[in-house]
Amino acid sequence: MGLITEILLLLSYLVADVGVGWLVAWVFGRMFSVSLTRRQMWWIASSWTVLGVIGILIFRW
1 MGLITEILLL LSYLVADVGV GWLVAWVFGR MFSVSLTRRQ MWWIASSWTV
51 LGVIGILIFR W
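With the first letter of the sequence shown counted as 1, position 42 gets the number 42 in the UniProt record's numbering; the numbers rise by one all the way through.
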């Protein structure tokens with residue numbers, strides 16, 4: 001696979017993973033009846049994304 005294709009696939013994975021992380025933050029807030037600020041939701045979403053990307057990068061190489 002070409003390098004450009006791999007980069008595009010990784011970027012699309014990142015976008016999808018941030019979306020899922022945002023959804024996880026929203027569900028967490030609803031489940032525990034807490035009000036999360038946008039900053040807190042971004043922290044949860046970015047943590048979710050970093051954990052997902054680490055797995056992809058480890059198993060890729």
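Using N, Cα and C, we set each Cβ at its ideal position, and we do this for glycine too. Given the structure is predicted, the values throughout are model-derived calculations rather than measurements.
Please classify residue i as buried or exposed, where buried requires at least 16 other C-beta atoms within 10 Å of its C-beta.
| i | result |
| --- | --- |
| residue 49 | buried |
| residue 45 | buried |
| residue 25 | buried |
| residue 2 | exposed |
| residue 55 | exposed |
| residue 19 | exposed |
CB-CB under 8 Å to residue i, same chain, minus the five flanking residues each way: which ones, in chain order?
| i | result |
| --- | --- |
| residue 41 | 22, 25, 26, 29 |
| residue 15 | none |
| residue 59 | none |
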